[in-house]
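For reference, the structure is listed below as structure tokens.
Protein chains in written order, with the numbering used here: chain A, 4 to 369; chain B, 18 to 305.
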């Protein structure tokens, strides 16, 4: 019976000298899942991937594939394959030889190798390139060869280390879609390392957000964006406002005090906060609306309102970024979509009422 | 003039090689040509040549007396190259595995022997190897480890030892350069694709380091084939190489045409060896 988890990490720690690259990471990656490790450079995501591949051994903790502990199993014995950041194609071999290398090492017979290499190249749309050398291919084509070279072995898990990082933006976008489609087609578990949040959000079934060797949140893309678990995740993914707040009531409903004495409701408060604590109210700029006093409608139980003055407006195409200064001097940004052309625009220094729904507001630890 | 050069990048390139080209033509090509011409002339009584065309010098190079020495020289040069490769490759690999700041120290250490004259270093080996008075045999016999002195001197063993010692660094350096350039993620990629340690070496590291191996082997083989200091000193006057015969023809026998003919033969062999070696390396799939 297949284990529910393709890959599982239990309390994995990796130290290099005094530096702890990966600090007590536990992850459960499901069968057939497109799972991303997302974080800034140096967050430990690549080290985590390299431990699964077997290039690094954990200092402590254990990694399981299909429920089997890997221990000190060397990389060539592990049922995983890797797509490297700079592809690492063998420059002295043709495309065909590169893709067939893994099968050859496993002792698959020649006819079978030829057949499967042909299939793999067809899958990545590189038929006809068999005899070329990596140097004769474009970046995007090399990327496909690297993918075919790994997938042809039908690994239980495919590890991808920022595989699109070296491609230009347009090609990267196209490859993202292709990779995602490919993953659904072959049904292999993908573990994808990236520092590009948009890439992770677009492609992944679930994302683990990492920083300084620690996993901050593991969740579906929508939850990562809409319901960040802590300050780091809220800050790293997309743009957000952190409004200094004091916890009044942990609820439910959660209530905080901002901009001096204004009490506003919030959807959720992070664990470890107590009433009276200083905290941050996190709210995405696109969830905020600005009104003139006379435009205000009926306030519901989840409506948050605070008064401020327009400090700056920056037109960025689809929307305009309005910077609003609150009574206590704290500043927040509202992104208003440029759809109401007939409406009178705001002017700098004008008084405004900032409004949002508590469903989008989260109280996080400082 | 300046404008002409600006419009003509190709001309600019030729201008840059001009000094080196003139130098090489005068001091390398012309002497070579002289050697070539001399090998077809009759010998003068006290050196020099008589301008009389003959093929006899070339025919004499195949005289078993000389040709056997010649073959032995090729054998010694090949042996020297192989042993240098066997010792040098792991050493070069070791250096590449060191942290960056240590690597330069190791490379420097390799070069230190070159600071002393080759002749003096070879005499130093003499004091170690000599049959009855050499340091090694004296210590081993006085310690009672051996009864009779070991045949360390005046034979091919001594010559190969001296040559390997002399040329090992030039084997190591190009291999080191090739291995250092090798992208380490290629090794990981091979491991990831189920290659064992031996397979990683055979299929990835070795072929990609071949340009260094070829360069190093040439740098060892060529001077080893033409060696004359080492066999003269460590060969003990008995074990000679083709280089000694050539120098004897010029300095002792005053037979310049025959010396030239032997030199030509040696150059042809070196050229052939180089060609064969490069073709083999190309077949192994090296693309520099």
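Backbone N, C-alpha and C fix where the C-beta goes; we use that ideal spot for every residue, glycine too.
Here the alpha carbons of residue 147/A and residue 189/A stand approximately 15 Å from one another.
Inter-residue distance for residue 134/B and residue 215/B is about 40 Å (C-alpha atoms, whole angstroms).
Contact annotation: in the region 58-91 of chain A, residues whose CB is within less than 9 Å of a CB in chain B are 58, 77, 78, 79, 80, 81, 83, 84, 85, 87, 88, 89, 90 and 91.
In this model, residue 117/A and residue 286/A are separated by some 55 Å (Cα to Cα). Residue environment: residue 72/B is assigned as exposed (fewer than 16 neighbouring CB atoms within 10 Å of its CB, all protein chains considered). For the C-beta of residue 105/A, the chain B residues within less than 7 Å are, from N- to C-terminus, 210 and 211. If you check each beta-carbon in the region 193-209 of chain B against every beta-carbon of chain A, the ones closer than 8 Å belong to 200, 202, 203, 205, 206, 207, 208 and 209. One Cα belongs to residue 69/B, the other to residue 59/B, and the distance between them is close to 6 Å.
At the C-beta level, residue 166/A and residue 82/A stay beyond 8 Å of one another.
Among the residues facing chain A, residue 224/B is included, as its CB has a counterpart in that chain under 8 Å away. Runs of alpha helix (DSSP H) with 4 or more residues, each lying fully within the region 64-121 of chain A, are found at 98-108, listed in chain order. Secondary structure note for residue 318/A: its beta strand (DSSP E) is the uninterrupted segment 306-318. In the three-state reduction of the DSSP assignment, residue 139/A falls in the helix class. Contact annotation, residue 149/B with residue 166/B: C-beta distance approximately 6 Å; criterion of less than 8 Å satisfied. Interface with chain B (8 Å Cβ-Cβ cutoff): residue 198/A is excluded. With a 10 Å radius around the Cβ and a threshold of 16 neighbouring Cβ atoms, residue 273/B comes out buried. Secondary structure of residue 359/A (DSSP, three-state): strand. Taken through DSSP and simplified to helix, strand or coil, residue 162/B comes out as coil.
Annotated as proximal: residue 86/A and residue 163/A, with beta-carbon spacing under 8 Å. The three-state secondary structure of residue 48/A, taken from DSSP, is helix. At a cut-off of 8 Å between beta-carbon atoms, residue 221/B makes contact with chain A. Of all alpha-carbon atoms in 328/A, 187/A, 211/A and 360/A, the one lying nearest the alpha-carbon of residue 198/A is that of 211/A. Taking a cut-off of 8 Å for Cβ pairs, the region 306-313 of chain A and the region 349-360 of chain A touch, as three or more such pairs fall below it. Around the C-beta of residue 118/B, fewer than 16 other C-beta atoms lie within 10 Å, and the residue is accordingly described as exposed. Taking the beta carbon of residue 108/A as reference, the chain B residues within 7 Å of it are 210, 211, 212 and 216, listed in sequence order. Close partners of residue 93/A in chain B (Cβ separation under 9 Å): 203, 206, 207, 220, 221, 224 and 225. Ranked by how close their Cα comes to the Cα of residue 52/A, the residues 342/A, 195/A and 200/A have 195/A in first place. One finds nothing in chain B with a Cβ atom closer than 9 Å to the Cβ of residue 362/A; even the nearest lies about 46 Å away. Not one beta carbon of chain B lies nearer than 8 Å to the beta carbon of residue 24/A. Residues of chain B whose Cβ lies closer than 7 Å to the Cβ of residue 56/A are, in chain order, 209. Per DSSP, residue 186/B is one residue of the alpha helix (DSSP H) stretching across 173-198. Out of 110/B, 230/B, 251/B and 280/B, the CA that lies nearest to the CA of residue 264/B is found in 280/B. With the rule of 3 Cβ pairs closer than 8 Å, the region 91-99 of chain A counts as touching the region 216-227 of chain B. From the listed residues 161/A, 144/A and 267/A, the smallest Cα separation to residue 169/A is found for 144/A.
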